[in-house]
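Shown next, in structure tokens, is the structure this report addresses.
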Amino acid sequence: MTVVKNQNNELIPQRTVTGWRMCIDYRKLNAATRKDHFPLPFIDEMLERLAKHSFFCYLDGYSGYHQIPIHPEDQSKTTFTCPYGTFAYRRMSYGLCNAPTSFQRCMMAIFSDFIEDVMEVFMDDFSVYGKSFDGCLENLEKVLKRCQEIDLILNWEKCHFMVRE
Numbered sequence: 001m002t003v004v005k006n007q008n009n010e011l012i013p014q015r016t017v018t019g020w021r022m023c024i025d026y027r028k029l030n031a032a033t034r035k036d037h038f039p040l041p042f043i044d045e046m047l048e049r050l051a052k053h054s055f056f057c058y059l060d061g062y063s064g065y066h067q068i069p070i071h072p073e074d075q076s077k078t079t080f081t082c083p084y085g086t087f088a089y090r091r092m093s094y095g096l097c098n099a100p101t102s103f104q105r106c107m108m109a110i111f112s113d114f115i116e117d118v119m120e121v122f123m124d125d126f127s128v129y130g131k132s133f134d135g136c137l138e139n140l141e142k143v144l145k146r147c148q149e150i151d152l153i154l155n156w157e158k159c160h161f162m163v164r165e
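Quick note: full-length UniProt numbering has the sequence shown finishing at residue 165, numbered continuously throughout.
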């Protein structure tokens, strides 16, 4: 991340991540895919749990779907052609009908012992909380250690630490 000054002499962070984002039409594949009906968490219940705490850290999974490997036997199903050649994804792509539920299922499994106790997970957004500054810091350390253990990459540009709301 780069920080620049604006016309009011305020420091403004600038996004430095650039690159291509592929948009593949998976309608035929999605129509033939058996649907995974894993539920997303209820936001109102998450908010009730969050309201009981005073300090928060908000973490964002970097390109969340692309961190989940596709089984080698299924990679050929994601094949696409572009002017540079024919390619298949080795990691989960945007546009696959089961990507959101598969991702949520993975995150719930990874953080199952923390959810509703020290954190909430909604897709690639993680809310870590504590009743005190030290409690939140301790919980953040646990969550970051887990991310490190499983090589879950976070998008530091979108993370917020030790906020009060």
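Yeah, the Cβ is synthetic: ideal placement off N, Cα and C, and Gly gets one too. All values reported here derive from a predicted model rather than from experimental measurement.
>> If I measure Cβ to Cβ from I115 and keep anything under 8 Å in the same chain, skipping five residues before and after, which residues do I get?
In response: Your numbering for residue 115 matches position 115 in the sequence shown. Here the set comprises M108, V121.
> Which first and last residues belong to the alpha helix (DSSP H) in which S102 is found?
Replying inline: Taking the first residue of the sequence shown as 1, we reach residue 102 at position 102. From DSSP, the alpha helix (DSSP H) with S102 extends over 99-110.
> Would you report the Cα separation of H71 and T33, rounded to the nearest angstrom?
Replying inline: The residue given as residue 71 occupies position 71 in the sequence shown. The residue given as residue 33 occupies position 33 in the sequence shown. Approximately 15 Å between the Cα atoms of the pair.
>> Using 8 Å for Cβ pairs, my map puts I150 next to I110. What's the rounded Cβ distance?
In response: Start at 1 with the first residue of the sequence shown, and residue 150 comes out as number 150. Start at 1 with the first residue of the sequence shown, and residue 110 comes out as number 110. Yes, they are in contact, since the Cβ atoms of I150 and I110 sit about 6 Å apart, within 8 Å.
>> Taking its Cβ as the centre, do 16 or more other Cβ atoms sit within 10 Å of G85, making it buried, or is it exposed?
In response: The count along the sequence shown starts at 1 and reaches residue 85 at position 85. With fewer than 16 other Cβ atoms within 10 Å, it is exposed.
> So which of S127, S93, K158 has the shortest CA-CA distance to L29?
Replying inline: Taking the sequence shown and counting its residues from 1, one reaches residue 29 at position 29. Closest option to L29, Cα to Cα, is S93.
>> Can you look up L29 in the DSSP assignment and give me helix, strand or coil?
In response: Position 29 of the sequence shown, counted from the start, is the residue given in the question as residue 29. Reduced to three states, the DSSP call for L29 is helix.
> Which parts of the region 67-155 are runs of the alpha helix (DSSP H), unbroken and 4 residues or longer, counting only runs that do not cross its ends?
Replying inline: 99-110, 133-149
> So, L50 versus Y129, is the Cβ gap smaller than 8 Å?
Replying inline: Position 50 of the sequence shown, counted from the first residue, corresponds to residue 50. Position 129 of the sequence shown, counted from the first residue, corresponds to residue 129. For L50 and Y129, yes; Cβs fall inside 8 Å.
> Does the beta-carbon of V163 have 16 or more other beta-carbons within 10 angstroms, so that it is buried, or is it exposed?
Replying inline: Taking the sequence shown and counting its residues from 1, one reaches residue 163 at position 163. The residue in question, V163, is exposed, as its Cβ has fewer than 16 Cβ neighbours within 10 Å.
>> Helix, strand or coil, according to DSSP, for L47 in the structure here?
In response: The count along the sequence shown starts at 1 and reaches residue 47 at position 47. In the structure shown, L47 sits in a helix (DSSP, three-state: H, G or I).
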